[in-house]
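In case it helps, numbering that gives the first Met the number 0 puts the sequence shown at residues 0 to 483.
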Amino acid sequence: MIAAKMLIDGAWVDSRGARIEVINPARGEVIGTVPVATPEDIDEALRAAKSALPDWSGRPPAQRAAVLNRIAAVIAERAEDLGRQMTAEQGKPVNEAVGEISKLADTFAFYAEEATRVHGEIIPNTSNAYQSLVTYEPVGVIAAITPWNYPAELIGWKLAAGLAAGCTLVIKPPELTPLCPLAIMACLQEAGLPPGVANMVTGSGARVGQRLIESPLVDKIAFTGSSAVGLHIQQSIKDIKSLSLELGGNSPLIVTAKADLEAAVKGAVRRSFRNCGQICIAVNRIYVAEPVYDAFLEKFAATADALVVDDGLDNPAADLGALCSQEPLGKTEAHLADAVDKGARLICGGAPPEGAKFESGFFFRPTAVADCTHDMLVMTQETFGPLVGIAPFATLKDAVRLANDTPYGLAAYAYTKDLDEMRYLSRHLDYGSVAVNTVDPGIINAPYGGRKQSGIGVEHGRDGLFEYLHAKHIRVCFDEDAIS
Ligand code: NAD
0 MIAAKMLIDG AWVDSRGARI EVINPARGEV IGTVPVATPE DIDEALRAAK SALPDWSGRP
60 PAQRAAVLNR IAAVIAERAE DLGRQMTAEQ GKPVNEAVGE ISKLADTFAF YAEEATRVHG
120 EIIPNTSNAY QSLVTYEPVG VIAAITPWNY PAELIGWKLA AGLAAGCTLV IKPPELTPLC
180 PLAIMACLQE AGLPPGVANM VTGSGARVGQ RLIESPLVDK IAFTGSSAVG LHIQQSIKDI
240 KSLSLELGGN SPLIVTAKAD LEAAVKGAVR RSFRNCGQIC IAVNRIYVAE PVYDAFLEKF
300 AATADALVVD DGLDNPAADL GALCSQEPLG KTEAHLADAV DKGARLICGG APPEGAKFES
360 GFFFRPTAVA DCTHDMLVMT QETFGPLVGI APFATLKDAV RLANDTPYGL AAYAYTKDLD
420 EMRYLSRHLD YGSVAVNTVD PGIINAPYGG RKQSGIGVEH GRDGLFEYLH AKHIRVCFDE
480 DAIS
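Have a look at this one:
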């Protein structure tokens, strides 16, 4: 049983208020508690971030890069322990969790390099007497708020880019998975990050998160979470501050008659069920060309049925662990019941795995329903569970129309071997990321962000770093006549 503390101004602070329990979702056991930050705790963390700002932002980028590289090394060394900690509170199998931690270490290494490549430009003016210099300066104090599905990476994208830019942060991790994030903060400390540069306060979104975002000490809010909470945040801030919102999705996958069907099935199954479908870019709905529809369904069901569902601590290599809580499990069951009621055909899964070991946890078999239509929740809302809806299409234009028929715009996928189809799909799918013949749209070097109700701003890559920098224009008038 872990009795965790929060990191404020370089010190591990115990609860001055209540504590909340952290549960292993595979076993239903309480594995630890974390403090609920009081308003005083939150304000202290913000003041610490504010006073650490001049020193951290004033350091030459190479010095900040050296700290980021040390953080990367410490995290990589601890990958196994951090991964097991994540599995214990999130449910994903250990191998998957350790993979997430390795990517977190890579993120720090990537932004260590990018930190040293922030440079401005000199812009000619209409008169030679003038010169315009553009430089970049850190935005300031960042409030970073994240969800539970990727407890390490989603913090890492904000933390590594923010630190590289010279910002300081107060982070609020999710209520369900705060222990792994707190263990990551210990790595930062061990790597020599100065006190106050990155702080972490724990507790609920409605109280701790809300106080953070409303604070006048915060210069930018970097939020990942649901579209509903993102909208609430946008509407509830009372002063002008920078805002980036990485929100929900409802990702389509299109399989044309010219696709490599084996590859399409493999990709579709992976992106529908990895992390139990609790991914903002999970495949929610699949549109398959009529001539290959039946063959796709048959292969998809067989591949999904072969996936291993297990307790992720006992079986590190399982394909699916437990869902993180009752909420995504309940939504999965509700979307399944709705689809079947409206005429969808269950082709695999549809129930929890059998056996006593699954009774105390939030488990569900990978599930797919065929012959779906857009009056079903599974085709129009984010399920965030191991359920996918499948439908046939007649023409590629129909498929793109259906794929774009959503308020979301995070990521879309397509499988085709035909160049003209590839070009049409990449141009007309209205999404921040389009992945063709792969289901891994996100890499740390390239920008990643949503459109429409999926958010504003980007993470990853050079663009992700510039989200934490303000441009400054310095216009200088020179006097050549003064030169003798
Ligand atoms: P959520 O919006 O309920 O919570 C996210 C975070 O916001 C949590 O830390 C929560 O405590 C906090 N929060 C809640 N109310 C708040 C408030 N009033 N003020 C400040 N903070 C508040 O989301 P969730 O259920 O934890 O996560 C799932 C959602 O996250 C899904 O919709 C998923 O698509 C989305 N997501 C998006 C991305 C992306 O990159 N676009 C990545 C992962 C997850």
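Backbone N, C-alpha and C define an ideal beta-carbon position, used for all residues, glycine too.
Every value quoted in this text rests on a predicted model; they were computed, and no experiment measured them.
Who pairs with residue i in a beta bridge, going by DSSP?
i, result
"Val133", "Glu120 and His472"
"Phe392", "Ala288"
"Pro251", "Arg284"
"Phe222", "Ile144 and Leu244"
"Arg344", "Ala369"
"Asn198", "Val169"
"Trp11", "Leu6"
"Ile455", "Leu244"
"Gly82", "The partner list for Gly82 (beta bridge, DSSP) is empty, contrary to what the question assumes."
"Tyr407", "Lys451"
"Pro34", "Arg18"
"Leu386", "Thr366"
"Leu322", "Answer by DSSP bridge pairing: none, since Leu322 is not bridged."
"Val308", "Leu319"
"Ala413", "Ile253 and Val435"
"Gly1", "It should be noted that the sequence gives Ile, not Gly, for residue 1. DSSP output for Ile1 lists Gly31 as bridge partner(s)."
Figure out for me which residue from the options has the closest Cα to the Cα of residue i.
i, options, result
"Leu168", "Glu261, Arg77, Lys157 and Glu20", "Lys157"
"Gly449", "Ile442, Ile443 and Glu458", "Glu458"
"Thr125", "Ser243, Asp480 and Val475", "Val475"
"Asn94", "Leu103, Arg83 and Ala104", "Arg83"
"Thr223", "Met85, Ile236, Gly208 and Val217", "Gly208"
"Phe485", "Val97, Leu45 and Gly90", "This structure leaves residue 485 out entirely; the chain is present only between 0 and 483."
"Arg400", "Tyr423, Asp478, Asp337 and Leu418", "Tyr423"
"Ala163", "Glu332, Arg77 and Trp55", "Trp55"
"Gly16", "Ile41, Gly27 and Ala10", "Ile41"
"Arg43", "Leu211, Ala182, Thr32 and Ala25", "Per the sequence shown, the amino acid found at residue 43 is Glu instead of Arg. Considering only alpha carbons, the answer is Leu211."
"Pro34", "Ala51, Arg26, Lys4 and Pro59", "Lys4"
"Ser50", "Val196, Asp105, Gly27 and Val12", "Val196"
"Phe465", "Asp105, Ser14 and Glu136", "Glu136"
"Ser453", "Val268, Leu178, Gly229 and Ile183", "Gly229"
"Met375", "Pro180, Arg284 and Glu112", "Arg284"
"Ile70", "Phe107, Thr394, Pro59 and Asp340", "Phe107"
"Ala350", "Val29, Pro365 and Lys341", "Pro365"
"Val264", "Leu244, Asp304, Asp462 and Cys279", "Asp304"
"Leu254", "Glu261, Val287, Lys237 and Ser241", "One detail in the question is off: residue 254 reads as Val in this sequence, not Leu. Cα-wise, what sits closest to Val254 is Val287."
"Gly161", "Asn127, Glu28, Asn198 and Val133", "Asn198"
Evaluate residue i with the Cβ neighbour count: other Cβ atoms within 10 Å of its Cβ, from every protein chain shown; 16 or more gives buried, anything less gives exposed.
i, result
"His118", "exposed"
"Glu491", "This structure gives no information on residue 491, because the portion of the chain shown stretches from 0 to 483."
"Lys102", "buried"
"Ile442", "exposed"
"Pro290", "exposed"
"Ala481", "exposed"
"Thr201", "buried"
"Asp80", "exposed"
"His334", "buried"
"Ile121", "exposed"
"Ala87", "buried"
"Ser226", "buried"
"Asp318", "buried"
Determine the extent of the alpha helix (DSSP H) in which residue i is found, giving its start and end residues.
i, result
"Pro60", "Pro60 to Glu76"
"Asn94", "Val93 to Ala114"
"Val377", "Leu376 to Thr379"
"Val207", "Unbroken run through Val207: none, as it is neither H nor E."
"Tyr423", "Leu418 to His427"
"Glu152", "Glu152 to Ala164"
"Gln188", "Leu178 to Glu189"
Give a yes or no on whether the minimum CB-CB distance between residue i and chain D is below 8 Å.
i, result
"Arg69", "The question asks about chain D, but that chain is absent: this structure has only one protein chain."
What first and last residue would you give for the beta strand (DSSP E) that runs through residue i?
i, result
"Gly57", "No beta strand (DSSP E) contains Gly57, which is instead part of the alpha helix (DSSP H) from Pro38 to Gly57."
"Ala352", "The sequence as given places Pro at residue 352; Ala does not occur at that position. Neither: Pro352 is in no beta strand (DSSP E) and is coded neither H nor E."
"Ser432", "Ser432 to Val435"
"Lys171", "Thr167 to Lys171"
"Arg18", "Arg18 to Asn23"
"Glu261", "First-last for Glu261: Leu260 to Phe272, but that is the alpha helix (DSSP H), not the beta strand (DSSP E)."
"Pro215", "No beta strand (DSSP E) holds Pro215; DSSP gives it neither H nor E."
"Gly463", "Per DSSP, Gly463 belongs to no beta strand (DSSP E); it is in the alpha helix (DSSP H), Gly460 to Phe465."
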